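> First to last, the sequence lines map onto chains B and S.
Mapping the first sequence onto full-length UniProt numbering, position 310 (from 1) lands on 310, and the numbers just tick up by one.
Mapping the second sequence onto full-length UniProt numbering, position 164 (from 1) lands on 164, and the numbers just tick up by one.
Idealized CB from N, CA, C, for every residue including glycine.
Note that the structure is predicted; figures quoted are calculated from it, not measured.
To start, I am sharing the structure in question, which I have written as structure tokens.
Number of protein chains: 2
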Amino acid sequence: MAQRHPDPTDTPAVPVTGDALAGYLRARATEFLRALRLHRETGGQSGGAPARARAGAGGVVGGTEESVDAARALRRSARRISGSLHTFRPLLDPDWSEEMRPELAWLSGTLGLEHAYEARLERLLLALQRLSGAAVLPGRTAAPAAVGPGGGPDRPAATAERSALTVGAAKAGALLERQLTLARTRAHSTALQALGSSRFHAVADKVALLASEVPLAPAAPTTALHTLARAAEERLTDAVAALPLVTAGHPYNAEALVHGLSPEPSPHPQDGPWHQVRLLLRLHRYAHEVLHGTGTAAPVDLRLLTAGQALNRHRDASEAAAAAAQAARTPRITPATAYALGVLHADQRHEVEASRFTFQQAWQKHTANAP
Amino acid sequence: MAQRHPDPTDTPAVPVTGDALAGYLRARATEFLRALRLHRETGGQSGGAPARARAGAGGVVGGTEESVDAARALRRSARRISGSLHTFRPLLDPDWSEEMRPELAWLSGTLGLEHAYEARLERLLLALQRLSGAAVLPGRTAAPAAVGPGGGPDRPAATAERSALTVGAAKAGALLERQLTLARTRAHSTALQALGSSRFHAVADKVALLASEVPLAPAAPTTALHTLARAAEERLTDAVAALPLVTAGHPYNAEALVHGLSPEPSPHPQDGPWHQVRLLLRLHRYAHEVLHGTGTAAPVDLRLLTAGQALNRHRDASEAAAAAAQAARTPRITPATAYALGVLHADQRHEVEASRFTFQQAWQKHTANAP
Chain B
1 MAQRHPDPTD TPAVPVTGDA LAGYLRARAT EFLRALRLHR ETGGQSGGAP ARARAGAGGV
61 VGGTEESVDA ARALRRSARR ISGSLHTFRP LLDPDWSEEM RPELAWLSGT LGLEHAYEAR
121 LERLLLALQR LSGAAVLPGR TAAPAAVGPG GGPDRPAATA ERSALTVGAA KAGALLERQL
181 TLARTRAHST ALQALGSSRF HAVADKVALL ASEVPLAPAA PTTALHTLAR AAEERLTDAV
241 AALPLVTAGH PYNAEALVHG LSPEPSPHPQ DGPWHQVRLL LRLHRYAHEV LHGTGTAAPV
301 DLRLLTAGQA LNRHRDASEA AAAAAQAART PRITPATAYA LGVLHADQRH EVEASRFTFQ
361 QAWQKHTANA P
Chain S
1 MAQRHPDPTD TPAVPVTGDA LAGYLRARAT EFLRALRLHR ETGGQSGGAP ARARAGAGGV
61 VGGTEESVDA ARALRRSARR ISGSLHTFRP LLDPDWSEEM RPELAWLSGT LGLEHAYEAR
121 LERLLLALQR LSGAAVLPGR TAAPAAVGPG GGPDRPAATA ERSALTVGAA KAGALLERQL
181 TLARTRAHST ALQALGSSRF HAVADKVALL ASEVPLAPAA PTTALHTLAR AAEERLTDAV
241 AALPLVTAGH PYNAEALVHG LSPEPSPHPQ DGPWHQVRLL LRLHRYAHEV LHGTGTAAPV
301 DLRLLTAGQA LNRHRDASEA AAAAAQAART PRITPATAYA LGVLHADQRH EVEASRFTFQ
361 QAWQKHTANA P
């Protein structure tokens, strides 16, 4: 029993060599260039603050819907190239790889920020709407309900209290709208500047080279691809094993809102390990794509997909909760606004908890099904 | 198939007659009188505002712990007599029964209020403590944590924000303490007055008579006891069937916080059917006690017990959430206080949702096991 970890990937059913990695990287680079061309053609760099009418389209540096899609495709390719450089580093020219990675990370980070603020605002406004049972979307005045939930007319006093709180939800919405739109506008400008910068042009040139030739390291062993993919999976498995999954699997464990009134404005430290798993799951998925392809015929583990989506929701809710808490620190807000933001914060923290539960369920099914 | 509901209780394994009801009522009446005597002996009517030191003991009109227990026993017996009069009404003298029921309801309601306010305050302070990770119990100043959740020292700005919010939780706790203690003191006075009133003495006299002789209706059929108990169970089953149990069985359905920002200060109307089931479940349990006895040998359905406890928690959390929302309407509170109350409200609404989930699970197991 000297060999403790007999590695099944030493004898893959279908031999996969460095060619698979090169092919994958070339394809992603080509996608990147296509997205960049489309983005330029569709007026992506026309500038100006994002119009509200485009909200929800998910767009960076937007003009038309096509340019929004193009920007998303840019980020998508950049993430995959960057992730593959990380996982399969020993197979690639080290100098080139070390230089390329941080530039791609900068690019997808910069391009993603505007969309992130936009999605966060939308999530928070939808939650406010759900919580108050009234439209609090910007531009509309929240109309106080004429009749109580009980169905009957109310005492005048109750009606006065009611409109005060309805105003609270509307004011909270307006405050979040103001703050997140400002952040989004700034992110928009930053992204515009980035796309016009010499730094960006240098990345684009490197990706253009990558589309024709992938700088593989000399003499990498044939089996290394599988071994490295397996290592990425093990990093994921280890990180998941360190998560409090037993707690997460108990519905309504009330864990996510512990310290909900603790005054740390940044996302909860307890969220960190989950964010980390989210990134490792993504790397694992990209490595899987390298080995098995990205086409419709490629095998997809739906449970792993569900798990990944749960972690995306976890991240989004975590950041939305932090944004609500942050907004509550704005000077001179009314108590009604602050109350609404408190309810909203707790609501989003429960979304965090719900996402962990969903992840736990999906992961459990995934591992039960694993070979 | 003319007989659609073949009633198994028509041929009970052990024949139970009106005697069982009379015995049950006599026993409860005796308990009532014993509790009343104990309550008087232990200084229950010594008066004065409840001292904080007794908080958590659950007591009405308290002095010693014994008098608190005695008051609880009084309520317990009154509820059981009242419930049995309701369920088995056709077996009892109608005039006597009609006169007795509202008086017992008045008594247990009046005696229960002080305890309810006390328990509500304790629930809310514990929740605040859990949410803020700091002691916010009255009399203590909430100490701002010296070190951030991340473990490292913080920027001065973050520390300033932090103490602001810790103060928010502490202020929210102090506000709730003030409001609920006032309500409790009033309930205490009301209970004291009630226990000294001629109305109470009239009830006590009636219960004393009941302890020796139960006014049964003449010529009630032997099988009626089982039939009436079955009818109480059917009322429960029908009410449960009308609950949104499918939704409740999905963890994190986010149903309880819908309209969490709707401005109705009273408990959510969606809670009503659950409260109703809680009462029907209690009546069913009392009817079961009449038929099968109350001793340690009596069969107890643990799942039904769990279901009942879940509904108690549902009621408590619902009322605590309403108290937090009500406190947020206090004029001139700070935004930090209002924010903390908003988080607290949402937290308790999630307790409501969690209780429904627990009930759904217990009820499902109960019915799966039913004959």
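8 Å is my cut-off, CB to CB: does residue 373 of chain S come that close to chain B?
This structure cannot speak to residue 373 of chain S, because chain S is shown only from 1 to 371.
> Can you find the residues in the same chain that come closer than 7 Å, C-beta to C-beta, to residue 117 of chain B, ignoring five residues on each side of it along the sequence?
Cβ within range, chain order: 180, 183, 184, 187.
> Give a yes or no on whether the C-beta atoms belonging to residue 326 of chain B and residue 127 of chain B are separated by under 8 Å.
Against a cut-off of 8 Å, the Cβ pair of residue 127 of chain B and residue 326 of chain B comes out as no contact.
> Residues of chain B with a CB under 9 Å from the CB of residue 259 of chain S: which are they?
Per Cβ cutoff of 9 Å: 130, 131, 132, 133, 149.
> Would you call residue 193 of chain S buried or exposed, if buried means 16 or more other Cβ atoms sit within 10 Å of its Cβ?
So residue 193 of chain S ends up on the exposed side.
> At what residues does the alpha helix (DSSP H) containing residue 21 of chain B begin and finish?
18 to 41 is the span of the alpha helix (DSSP H), which, as asked, contains residue 21 of chain B.
> Give the range of the alpha helix (DSSP H) segment to which residue 88 of chain B is assigned.
Residue 88 of chain B -> no alpha helix (DSSP H), and no H or E assigned at all.
> Quick check on the burial criterion: 16 or more other C-beta atoms within 10 angstroms. Buried or exposed for residue 295 of chain B?
Looking at its Cβ environment, which holds fewer than 16 other Cβ atoms inside 10 Å, residue 295 of chain B is exposed.
> Taking the beta carbon of residue 209 of chain S as the centre, do at least 16 other beta carbons fall within 10 Å, making it buried, or is it exposed?
Residue 209 of chain S comes out exposed.
> Note down, in chain order, every chain B residue with its Cβ under 8 Å from the Cβ of residue 357 of chain S.
251, 252, listed in chain order.
> Under 7 Å: does the beta carbon of residue 278 of chain S sit that close to some heavy atom of the ligand GTP?
Absence of the ligand GTP from the depicted structure is noted, as is the absence of any ligand whatsoever, leaving it without description.
> Kindly say whether residue 334 of chain S, judged by its beta-carbon, lies nearer than 8 Å to any beta-carbon of chain B.
Chain B, which has a Cβ nearer than 8 Å to the Cβ of residue 334 of chain S, makes this yes.
> Rounded to whole angstroms, what's the CA-CA distance from residue 21 of chain S to residue 169 of chain B? Just pull it up for me.
Each residue's Cα considered, the two are about 55 Å apart.
> Which residues in the same chain have their Cβ closer than 8 Å to the Cβ of residue 49 of chain B, if we skip the five residues on either side of it in sequence?
Unreliable placement is indicated for residue 49 of chain B, whose pLDDT of 40 sits below 50; the coordinate value is still reported in the next sentence. Here the set comprises 185, 188.
> Candidates S:333, S:351, S:367, S:353: which alpha carbon is nearest residue 172 of chain S's?
That would be S:333, whose Cα lies nearest to the Cα of residue 172 of chain S.
> Tell me which residues share the same chain as residue 343 of chain S and place their Cβ nearer than 8 Å to its Cβ, disregarding the 5 neighbours each side in the sequence.
Around residue 343 of chain S: 131.
> Less than 8 Å between CB atoms is the rule here; does residue 262 of chain B satisfy it with respect to chain S?
Answer yes: the Cβ-Cβ gap between residue 262 of chain B and chain S drops below 8 Å somewhere.
> Please list the partners that residue 320 of chain B has in chain S, where partner means a Cβ-to-Cβ separation under 9 Å.
The contacting residues do not exist; residue 320 of chain B stays about 14 Å from chain S at best.
> Rounded to a whole number of angstroms, what is the C-alpha to C-alpha distance between residue 125 of chain S and residue 357 of chain S?
Roughly 24 Å separates the two Cα atoms.
> Please list, in chain order, the chain S residues whose beta carbon lies closer than 9 Å to that of residue 323 of chain B.
Near residue 323 of chain B there are no residues of chain S at all, since even the closest Cβ is about 14 Å away, more than 9 Å.
> Establish whether the CB of residue 314 of chain S and some CB of chain B are separated by less than 8 Å.
No, because no Cβ of chain B sits closer than 8 Å to the Cβ of residue 314 of chain S.
> Could you pull out every residue in the same chain whose Cβ sits closer than 6 Å to the Cβ of residue 308 of chain S, ignoring the five residues on either side in sequence?
Closer than 6 Å at Cβ, skipping near neighbours: 281.
> Is residue 275 of chain S close to chain B? Criterion is C-beta to C-beta, closer than 8 Å.
So, not an interface residue.
> Rounding to the nearest angstrom, what Cα-Cα distance links residue 176 of chain B and residue 328 of chain B in this structure?
Those two C-alpha atoms are separated by around 10 Å.
> Do you know how far the Cα of residue 355 of chain S is from the Cα of residue 251 of chain B?
One C-alpha to the other measures close to 11 Å.
> For residue 243 of chain S, does the three-state DSSP call read helix, strand or coil?
Note: residue 243 of chain S maps to coil in three-state DSSP.
> Checking the sheet assignment: what are the DSSP bridge partners for residue 216 of chain B?
Partner(s): B:92.
> Residue 79 of chain B: buried (16+ other C-beta within 10 angstroms of its C-beta) or exposed?
So residue 79 of chain B ends up on the buried side.
> How about residue 242 of chain S: is its C-beta nearer than 8 Å to some C-beta of chain B?
Residue 242 of chain S does not count as touching chain B.
> Assuming contact is defined by CB atoms lying nearer than 8 Å, are residue 259 of chain S and residue 133 of chain B in contact in what I supplied?
Yes. Within cutoff.
> Looking at the structure shown, is residue 262 of chain S part of a helix, part of a strand, or coil, going by DSSP?
Here residue 262 of chain S sits in coil by DSSP.
> Between which two residues does the alpha helix (DSSP H) containing residue 325 of chain S stretch?
That run of the alpha helix (DSSP H) goes 302 to 327.
> Do the CB positions of residue 239 of chain S and residue 276 of chain S come within less than 8 Å of each other?
Yes, the Cβ-Cβ distance between residue 239 of chain S and residue 276 of chain S is below 8 Å.
> The alpha helix (DSSP H) that contains residue 360 of chain B, what's its start and end?
Here the alpha helix (DSSP H) through residue 360 of chain B covers 335 to 369.
> Taking 8 Å as the threshold, find out whether the stretch 317 to 325 of chain B comes into contact with the stretch 310 to 324 of chain S through three or more Cβ pairs.
Output reads no: the stretch 310 to 324 of chain S does not touch the stretch 317 to 325 of chain B.
> Within a Cβ cutoff of 6 Å, which residues of the same chain sit near residue 364 of chain B, ignoring the five residues on either side of it in sequence?
Nothing listed; no residue qualifies.
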